[in-house]
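Undergrad:
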Amino acid sequence: MSDDQSARGHRHVRVLAGAGTAGEPVYEVLPAKLLEHNDYEILGSPGLTYDFAAGDHLRVFDDGGFEVLRRGGNLCLRAYPTGTPPSDVGISTLTAGFERLGGVVEMPPDRRFIVITVPVAVGFPAIEDVIEGWATEHGCAWGYGNVYDEDDNPLGWWISA
């Protein structure tokens, strides 16, 4: 991180994503802006961790656990190829579809997963119109990262968003 980034409060934060197969903690490192002491604005939606998206404000504890302090109004979606990762053309189609909705599509170079951040204000039907057909065509499973709790109950935060 450059001194200029540090001066603006831009950094990365480590959050607890869950437990590995042997019970060991699994962490995810995300770009974030320090707001104060342990409070951060998340700048990129997570690929592993559930319950938040880019734009949300989190309080991150020493063990990596976190509390969502304020929602930023974005949904986090994830797509996982079930076979061959999508081609450049496939990714371009997905990216264009979500850019029309004000969203952002991100992935690692090997495309083993895709993370999408999109404003909840565009509505679930518009979002699902883009992702469902694309995922079927490109052999991907998909799901929301910040819509359901660990028991698959809707979190409902978007109702007041």
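Residue numbers (the working numbering): 1 to 161.
Note that CB positions come from ideal geometry on N, CA and C, so glycine has one too.
1. Give the DSSP-derived three-state secondary structure of residue 97 in the structure shown.
2. I'd like to know whether the C-beta of residue 23 is nearer than 8 angstroms to at least one C-beta of chain B.
3. In whole angstroms, give me the CA-to-CA distance for residue 52 and residue 71.
4. Residue 92 to residue 141, Cα distance in whole Å?
5. Would you say the stretch 131 to 149 touches the stretch 63 to 81, given that touching needs at least three Cβ pairs under 8 angstroms?
6. What residue range does the alpha helix (DSSP H) around residue 129 cover?
7. Nearest by alpha-carbon distance to residue 17: which of 155, 156 and 150 is it?
8. Using C-beta distances below 7 angstroms, list every residue in its chain close to residue 90, excluding the 5 sequence neighbours before and after it, in chain order.
9. Run the CB neighbour count on residue 41, radius 10 Å, all protein chains shown included, and call it buried at 16 or more, exposed below.
10. Using only the alpha-carbon positions, how far apart do residue 134 and residue 96 sit?
11. Comparing the CB of residue 123 with every heavy atom of the ligand COA, is any distance shorter than 7 angstroms?
12. Could you tell me which residues DSSP puts in a beta bridge with residue 39?
TA: In terms of the structure at hand:
1. Per DSSP, reduced to three states, the secondary structure at residue 97 is helical.
2. The structure shown contains no chain B; it holds only a single protein chain.
3. 8 angstroms
4. Taking C-alpha positions only, residue 92 is separated from residue 141 by approximately 18 angstroms.
5. Flag = yes, the stretch 131 to 149 and the stretch 63 to 81 touch.
6. 124 to 137 is the extent of the alpha helix (DSSP H) around residue 129.
7. 150
8. 138
9. buried
10. 11 angstroms
11. As for the ligand COA, it is missing from this structure, which has no ligand bound.
12. 36 and 59
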